[in-house]
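> Respectively, the protein sequence lines represent chains L and A. Following the numbering used here, the numbering of the first sequence begins with 108 at its first residue and continues without gaps. Following the numbering used here, the numbering of the second sequence begins with 108 at its first residue and continues without gaps. Even for Gly, the Cβ is constructed at its ideal location relative to N, Cα and C. Since we're looking at a predicted model, the values are computed, not measured.
Number of protein chains: 2
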Amino acid sequence: MDLMEFWFRSRSVIDDLVEKFLRESRDWEVMEMSKYIMRDGKRFRGTLMFLFNGALGGEEKEAYPGALATEILHSASLALDDIVDYDEIRRGMKAAWAVYTNRKVIFVSNYLIPTALNVISVYGDKALRISVDLWKDTAVGALKDMYGKDEDYIRTVELKTASLFKLPAMLSSFSSGQSQYLDTLMEAGKDLGVIYQVIDDYVDCVTQEKEKLVGSAKQLYNLTSGKYESFVRLKYSEYKTHYEGLLNSLPLKEEYRDQLIALPDFLAFGLMGEAGIKNKIF
Amino acid sequence: MDLMEFWFRSRSVIDDLVEKFLRESRDWEVMEMSKYIMRDGKRFRGTLMFLFNGALGGEEKEAYPGALATEILHSASLALDDIVDYDEIRRGMKAAWAVYTNRKVIFVSNYLIPTALNVISVYGDKALRISVDLWKDTAVGALKDMYGKDEDYIRTVELKTASLFKLPAMLSSFSSGQSQYLDTLMEAGKDLGVIYQVIDDYVDCVTQEKEKLVGSAKQLYNLTSGKYESFVRLKYSEYKTHYEGLLNSLPLKEEYRDQLIALPDFLAFGLMGEAGIKNKIF
Numbered sequence: 108m109d110l111m112e113f114w115f116r117s118r119s120v121i122d123d124l125v126e127k128f129l130r131e132s133r134d135w136e137v138m139e140m141s142k143y144i145m146r147d148g149k150r151f152r153g154t155l156m157f158l159f160n161g162a163l164g165g166e167e168k169e170a171y172p173g174a175l176a177t178e179i180l181h182s183a184s185l186a187l188d189d190i191v192d193y194d195e196i197r198r199g200m201k202a203a204w205a206v207y208t209n210r211k212v213i214f215v216s217n218y219l220i221p222t223a224l225n226v227i228s229v230y231g232d233k234a235l236r237i238s239v240d241l242w243k244d245t246a247v248g249a250l251k252d253m254y255g256k257d258e259d260y261i262r263t264v265e266l267k268t269a270s271l272f273k274l275p276a277m278l279s280s281f282s283s284g285q286s287q288y289l290d291t292l293m294e295a296g297k298d299l300g301v302i303y304q305v306i307d308d309y310v311d312c313v314t315q316e317k318e319k320l321v322g323s324a325k326q327l328y329n330l331t332s333g334k335y336e337s338f339v340r341l342k343y344s345e346y347k348t349h350y351e352g353l354l355n356s357l358p359l360k361e362e363y364r365d366q367l368i369a370l371p372d373f374l375a376f377g378l379m380g381e382a383g384i385k386n387k388i389f
Numbered sequence: 108m109d110l111m112e113f114w115f116r117s118r119s120v121i122d123d124l125v126e127k128f129l130r131e132s133r134d135w136e137v138m139e140m141s142k143y144i145m146r147d148g149k150r151f152r153g154t155l156m157f158l159f160n161g162a163l164g165g166e167e168k169e170a171y172p173g174a175l176a177t178e179i180l181h182s183a184s185l186a187l188d189d190i191v192d193y194d195e196i197r198r199g200m201k202a203a204w205a206v207y208t209n210r211k212v213i214f215v216s217n218y219l220i221p222t223a224l225n226v227i228s229v230y231g232d233k234a235l236r237i238s239v240d241l242w243k244d245t246a247v248g249a250l251k252d253m254y255g256k257d258e259d260y261i262r263t264v265e266l267k268t269a270s271l272f273k274l275p276a277m278l279s280s281f282s283s284g285q286s287q288y289l290d291t292l293m294e295a296g297k298d299l300g301v302i303y304q305v306i307d308d309y310v311d312c313v314t315q316e317k318e319k320l321v322g323s324a325k326q327l328y329n330l331t332s333g334k335y336e337s338f339v340r341l342k343y344s345e346y347k348t349h350y351e352g353l354l355n356s357l358p359l360k361e362e363y364r365d366q367l368i369a370l371p372d373f374l375a376f377g378l379m380g381e382a383g384i385k386n387k388i389f
């Protein structure tokens, strides 16, 4: 199975997990809003949970809570981002706040976040503690996205985006019973998250007018004085090489190795494909 | 020392803990906003931590992390409430969102909440898990405050307000090394929290025009068809009696017993005194 097929399959499994999770909410209105917030995700982050868990020899079903919790946290963070950015469109439809009001979305998110942490606690207390920390990092990253210095660009990206890539990679060490590789997996997740966000910012720099750039995309533009292309190419290559080195240090099952190696390109081409600027820098 | 003196003292200790906590933030802007959000609280909830911890034989310094974390969570939840209510004034000054924008306040809160959970984790993993649950309850309560049925009034109050009274009471079982009383302490915290919110809603009903009532105060008004006074008197008496029963089942140090028994009246008279309607129903 190639990575694209793997992703289609895991995305569909995750959609089922999300549906089951929502059916179990006791409160109708919480369920409706949660459903709206969690609709139609690409489920990349949850897919990482399946990939790493499988590669380390874990049973597929052991990955379910981690994949579900990762996607709950990601969806909640997007719903909050849309409020603060006044973005009216998300995933092709009205943003949740534009449908349900800020007030309700803030509190549904505040409900979803600890609910996801509860789901994670099946992996034990250490997993829970690290998850709380990673979630804190995403909040610090969101702040740095707003007022961080241009020189801190990579640190901003690590915090705001890579934290939710580190999460499933970290959890897979527990789900597969291979917690001795915890640190390596966190690093690998970080590499993928940085690649994802740097390419995302690159896409923004290419497709948007300079004046309209915000957050980390603006930081990337300023940091490189508008010459972001070579910087992005360099970072992409650095992080990809580092990531491959980490993979080589892990006892991965052979049938997963190619898919894991393909991930950086898969994420990068996915983002560029969406934006119609395929292969512009690679 | 009577309860008023105890409160003045613990409030000042908590203010020092908050200041120390803020000084340790590495990020200047996060520190400034956190400071604004945490300013000038009454520190009632943190004071509960000192009272219960001391009453159960815990060293005072064992209560510090719990009192600090409780006040961080409480302040963050107020900052979010003000955004969703469009309240422009909090603690006699502009609400945080009106100074720093919604965007920043949402993310500072999202930073403060897991930071508080980290502080709590010194009491062990069970304390952390229960805290995550209680914080989830506050979010569900905030939702019920908006669209809950009038008949669910007490349940709404338990979730939205009593959760952050249960928190310090619960943590004191760990800080004092008396975790066998965990459930009783949670119940005692719940009683105090319900009393606090019912009186708070009563104050709203008395001081505001019927049309301006919102949330749980409106639910109280509707549930009792405007005859809230006898209902409030009844609930106050029920919960106070229940609370006293719980205190009698706990091995409390004698010098703390009177202060703990005085808490329901202290909270109720405090709220009514603030609003200038002292002793109207008791």
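What residues in its chain sit with their C-beta under 8 Å from that of residue 262 of chain A, if we drop five residues either side in the sequence?
The residue you call residue 262 of chain A lines up with position 155 of the second sequence. Hits under 8 Å: 251, 255.
> For residue 242 of chain A, decide whether its Cβ has a neighbour in chain L, counting only Cβ atoms nearer than 7 Å.
Against the second sequence, residue 242 of chain A aligns to sequence position 135. Interface residue, yes.
> Given that a residue counts as buried once 16 or more other Cβ atoms are within 10 Å of its Cβ, and exposed if not, what is residue 317 of chain L?
Working through the first sequence from its first residue, we reach residue 317 of chain L at position 210. Burial call: exposed.
> Would you list the one or two residues that DSSP bridges to residue 196 of chain L?
Within the first sequence, the letter at position 89 stands for residue 196 of chain L. BP columns for residue 196 of chain L point to L:201.
> Going by C-alpha distance, which of A:210, A:242, A:286 is nearest residue 230 of chain A?
Taking the first residue of the second sequence as 1, we reach residue 230 of chain A at position 123. Checked all of A:210, A:242, A:286; the closest Cα to residue 230 of chain A is A:286.
> I want to see whether chain L comes within less than 7 Å of residue 214 of chain A, judged by CB atoms only; does it?
Indexing the second sequence from 1 puts residue 214 of chain A at position 107. Cβ-Cβ to chain L under 7 Å: yes for residue 214 of chain A.
> In chain L, what lies closer than 9 Å to residue 319 of chain A by C-beta?
Residue mapping note: residue 319 of chain A aligns to position 212 of the second sequence, counting from 1. What residue 319 of chain A touches in chain L: nothing, since even the nearest Cβ is about 17 Å away.
> Take residue 209 of chain A and list the residues in its own chain whose beta-carbon comes closer than 7 Å to its own, dropping the five residues that flank it on each side.
Taking the second sequence and counting its residues from 1, one reaches residue 209 of chain A at position 102. Counting only Cβ-Cβ distances below 7 Å, and skipping sequence neighbours, we find 190.
> What residue does the alpha helix (DSSP H) around residue 395 of chain A start on, and which one ends it?
Any question about residue 395 of chain A goes unanswered here, given that chain A covers just 108 to 389.
> Quick check on residue 141 of chain A: does DSSP put it in helix, strand or coil?
Sequence index remark: in the second sequence, residue 141 of chain A carries index 34 (1-based). The answer is helix: DSSP assigns residue 141 of chain A an H, G or I state.
> Taking only three categories from DSSP, how would you classify residue 166 of chain L?
Residue mapping note: residue 166 of chain L aligns to position 59 of the first sequence, counting from 1. Of the three classes helix, strand and coil, the one that applies to residue 166 of chain L here is coil, per DSSP.
> Considering only residues of the same chain and omitting the five flanking positions on each side of residue 202 of chain A, which have a CB-CB separation below 7 Å?
Residue 202 of chain A sits at position 95 when you count from the first residue of the second sequence. If we look at residue 202 of chain A and ignore the five residues flanking it on each side, its Cβ neighbours are 189, 194, 195, 196.
> Taking only beta-carbon atoms, is residue 254 of chain L less than 7 Å away from chain A?
As a position in the first sequence, residue 254 of chain L is number 147, starting the count at 1. Yes, contact with chain A.
> By Cβ distance, which residues of its chain are closer than 7 Å to residue 347 of chain L, with the 5 residues on each side in sequence left out?
Start at 1 with the first residue of the first sequence, and residue 347 of chain L comes out as number 240. Around residue 347 of chain L: 302, 371.
> What does residue 228 of chain A reach in chain L if we use C-beta pairs closer than 7 Å?
As a working mapping, residue 228 of chain A is identified with position 121 in the second sequence. Result: 236.
> Can you give me the Cβ contacts of residue 282 of chain L inside the same chain, cut-off strictly under 7 Å, excluding the 5 residues immediately before and after it?
Along the first sequence, read from residue 1 onward, the residue named residue 282 of chain L stands at position 175. For residue 282 of chain L, where only same-chain residues beyond five positions count, the Cβ hits under 7 Å are 160, 165, 169, 170, 173, 230.
> State the DSSP-derived secondary structure class of residue 379 of chain A, mapped to helix, strand or coil.
Against the second sequence, residue 379 of chain A aligns to sequence position 272. Helix at residue 379 of chain A.
> Determine, using beta carbons only, whether residue 247 of chain A comes closer than 7 Å to chain D.
Given the protein chain composition of this structure (L and A), no chain D is represented.
> When the Cα atoms are used, what is the spatial distance from residue 220 of chain L to residue 240 of chain A?
The sequence position of residue 220 of chain L within the first sequence is 113, counting from 1. The sequence position of residue 240 of chain A within the second sequence is 133, counting from 1. Cα to Cα, the separation comes out at about 11 Å.
> So which residues on chain L does residue 221 of chain A lean against when the C-beta distance must stay under 8 Å?
Locating residue 221 of chain A in the second sequence gives position 114, counting from the first residue. What residue 221 of chain A touches in chain L: 239, 240, 242, 243, 246.
> Label residue 321 of chain A either buried or exposed according to how many other C-beta atoms from any shown protein chain fall within 10 Å of its C-beta, with 16 as the threshold for buried.
Here residue 321 of chain A refers to the residue found at position 214 when the second sequence is read from its first residue. Classification of residue 321 of chain A: exposed, given that the 10 Å Cβ count is below 16.
> From residue 141 of chain A to residue 129 of chain A, what distance separates their C-alpha atoms?
Reading the second sequence from its first residue, position 34 is the one you call residue 141 of chain A. Reading the second sequence from its first residue, position 22 is the one you call residue 129 of chain A. So the alpha carbons of these two residues sit roughly 7 Å apart.
> Name the residues in the region 130-163 of chain L whose C-beta lies less than 8 Å from a C-beta of chain A; which are they?
If the cut-off is 8 Å between Cβ atoms, the region 130-163 of chain L has 134, 136, 137 near chain A.
> Using a 10 Å radius around the Cβ and a threshold of 16 neighbouring Cβ atoms, would you call residue 319 of chain A buried or exposed?
The sequence position of residue 319 of chain A within the second sequence is 212, counting from 1. Classification of residue 319 of chain A: exposed, given that the 10 Å Cβ count is below 16.
> Could you list which residues in chain L have their beta carbon closer than 8 Å to that of residue 218 of chain A, in chain order?
By 1-based counting over the second sequence, the position of residue 218 of chain A is 111. Those within 8 Å of residue 218 of chain A in chain L are 243, 246, 247, 250.
> Let's see if you can read the secondary structure: which residues bound the alpha helix (DSSP H) around residue 232 of chain A?
For the purposes of this step, residue 232 of chain A is identified with residue 125 of the second sequence, where counting begins at 1. First-last of the alpha helix (DSSP H) with residue 232 of chain A: 232-254.
> Please list, in chain order, all residues of the same chain as residue 354 of chain A whose beta carbon is under 6 Å from its beta carbon, the five residues on each side excluded.
Numbered from its first residue, the second sequence carries residue 354 of chain A at position 247. If we look at residue 354 of chain A and ignore the five residues flanking it on each side, its Cβ neighbours are 367.
> For residue 156 of chain L, which option in L:265, L:292, L:257 has the closest C-alpha, if you only look at C-alpha atoms?
Taking the first residue of the first sequence as position 1, residue 156 of chain L is located at position 49. The shortest C-alpha separation from residue 156 of chain L is found at L:292.
> For the alpha helix (DSSP H) holding residue 277 of chain A, just list the boundary residues, first then last.
Mapped onto the second sequence, residue 277 of chain A falls at position 170. First-last of the alpha helix (DSSP H) with residue 277 of chain A: 270-282.
> Is it right to say residue 314 of chain L is buried, meaning 16 or more other beta carbons lie within 10 angstroms of its own, or is it exposed?
Along the first sequence, read from residue 1 onward, the residue named residue 314 of chain L stands at position 207. It is exposed - the Cβ of residue 314 of chain L has fewer than 16 other Cβ atoms within 10 Å.
> Where do the ends of the alpha helix (DSSP H) carrying residue 224 of chain A lie?
For this step, residue 224 of chain A is matched to residue 117 along the second sequence. Unbroken alpha helix (DSSP H) run through residue 224 of chain A: 209-227.
> Compare the C-beta of residue 392 of chain A with all C-beta atoms of chain L and state if any pair is closer than 7 Å.
This structure cannot speak to residue 392 of chain A, because chain A is shown only from 108 to 389.
> How big is the Cα-Cα spacing for residue 383 of chain L and residue 309 of chain L?
Numbered from its first residue, the first sequence carries residue 383 of chain L at position 276. Numbered from its first residue, the first sequence carries residue 309 of chain L at position 202. Cα to Cα, the separation comes out at about 13 Å.
> Which stretch, first to last residue, makes up the alpha helix (DSSP H) that contains residue 336 of chain L?
The residue labelled residue 336 of chain L in the question sits at position 229 within the first sequence. Counting along the chain, the alpha helix (DSSP H) containing residue 336 of chain L begins and ends at 335-355.
> Is the Cβ-Cβ distance between residue 335 of chain L and residue 327 of chain L less than 7 Å?
Here the question's residue 335 of chain L lines up with position 228 in the first sequence. Here the question's residue 327 of chain L lines up with position 220 in the first sequence. Cβ distance < 7 Å, so residue 335 of chain L and residue 327 of chain L count as in contact.
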